[in-house]
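Presented below is the structure to which this report refers.
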Amino acid sequence: MAGKPKLHYMNTRGRMETIRWLLATAGVEFEEPMIKSKADLEKLRKDGVLLFQQVPMVEIDGMKLVQTRAILNYIAEKYNLYGKDIKQKALIDMYGEGAYDLGEMIMMLPWKCTDPKEREKEATALIEKATDRYFPAFEKVLKDHGQDFLVGNQLSRADIQVLEVILATEEMKADVLSKFPLLQAFKARISNIPNIKKFLQPGSPRRPPPDEATVADGFKIFD
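full-length UniProt numbering puts the first residue of the sequence shown at 1, with every later residue one more than the last.
Now the structure itself:
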C-alpha cells in the first residue's frame with residue numbers, strides 16, 4: 001500500500017494551499033514535513049528531489065512532483081475531480097486558471113506590500129478586480145447553465161478553486177459577494193460538502209492568512 005502523500009512547503013498557504021484543498025476534498029490524509037529554514041530548503045535541493053530547485057513538491061505514488069498546476073491536475077485526475085471528457089477538462093482548466101490568477105494576487109499581497117498603507121491600497125484594487133472581472137464571470141457560468149456545479153453538474157477542481165478564492169477574498173471584504181446571489185448559493189453549497197466542511201473547521205490542515213511573522217520567515221527561507 002502506498003504511503004500518505006508528503007507535501008513539502010513552509011507553514012503557510014502559498015502555492016501549496018490549493019493542493020491541500022484538493023487532497024482534503026478527496027478524503028486523502030497527507031503529511032507535511034515542513035520547511036522551517038533555508039537549510040531545510042537547501043537540503044531538498046542538494047538531495048536532488050526538486051526538479052527545478054523550487055517548491056511546492058509533493059511525493060505521491062512514487063513520484064516527486066513539482067510545478068503547482070501539474071500537481072493539481074494529477075490529483076484532480078486521480079480522484080475524479082477533472083471532468084468526464086476533454087471538453088469538460090478544458091472548462092475546468094479555464095475556470096480554474098481564472099481562480100488561480102485572482103488567488104495568486106491575493107496570495108502575493110502580504111509579501112509584495114509590507115507597508116500597511118500600500119497593502120490597503122493594493123487590497124482595494126484587488127477587490128475591484130474580483131468584483132468587476134472574476135466574480136461576474138463565475139456568476140454568469142452558473143446562470144447560463146443553471147446547475148449546482150461549474151462543470152458537468154458534478155464536483156470538480158474548478159468548484160474547489162473558486163470556493164477557495166471566494167473565501168480568501170471575503171477575508172479582505174466580508175460582503176464581497178453581496179451583488180452575486182448565485183455565487184452566494186454556490187459558496188454555501190460547496191462549503192457543506194462533508195469533506196470540504198471538515199476542512200473548513202478549526203484544526204484541519206487549512207492554513208490561516210499569513211501574518212507578519214510568517215512573511216518574515218518566508219523571506220528568510222526563500223530570499
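For every residue, glycine included, the Cβ atom is placed at its ideal position computed from N, Cα and C.
Cβ-Cβ distance between residue i and residue j below 7 Å
i	j	result
Leu50	Val58	no
Val151	Ile106	no
Gln161	Gly83	no
Val215	Trp111	yes
Leu163	Ile190	yes
Ala137	Met172	no
Phe149	Phe180	no
Ile60	Pro5	yes
Ile221	Leu81	no
Reference residue i, options the options, closest by Cα
i	options	result
Lys169	Leu109, Leu81 and Asp115	Note that residue 169 is Thr in the sequence shown here, rather than Lys. When each option's Cα is compared against that of Thr169, the closest is Leu109.
Leu182	Tyr100, Phe30, Glu139 and Asp40	Glu139
Gln67	Val165, Ile19, Met172 and Pro205	Ile19
Arg133	Arg157, Leu102, Cys113 and Leu163	Leu102
Asn195	Leu167, Lys129 and Trp21	Trp21
Phe219	Lys38, Gln88, Met63 and Glu17	Lys38
Val165	Thr131, Asn153 and Gln147	Thr131
Arg69	Glu32, Ala174 and Met94	Met94
Glu31	Asp217, Pro205 and Asp223	Pro205
Tyr100	Gln53, Ala125, Lys43 and Glu17	Glu17
Residues that DSSP places opposite residue i in a beta bridge
i	result
Val58	Leu7 and Leu65
Glu31	Lys6
Classification of residue i by the beta-carbon crowding that lies within 10 angstroms, buried from 16 upward
i	result
Lys155	Residue identity differs from the one stated: residue 155 is Leu in this sequence, not Lys. That one is buried.
residue 227	Since the displayed the chain opens at 1 and closes at 223, residue 227 lies outside it and no answer follows.
Asp159	buried
Ile35	buried
Gly98	buried
Ile86	exposed
Arg157	buried
Pro56	buried
Arg186	The sequence shown places Phe at residue 186, not Arg. When all chains shown are included, Phe186 counts as buried.
Lys121	exposed
Lys89	buried
Leu167	exposed
*May I ask you to verify whether the segment 142-155 touches the segment 68-79, counting CB pairs closer than 8 Å and requiring at least 3?*
no
*Touch check for the segment 201-218 and the segment 5-23: three-plus C-beta pairs under 8 Å?*
yes
*Spell out a yes or no on whether the segment 24-33 and the segment 189-201 are touching, meaning 3 or more CB-CB pairs, one atom from each, closer than 8 Å.*
yes
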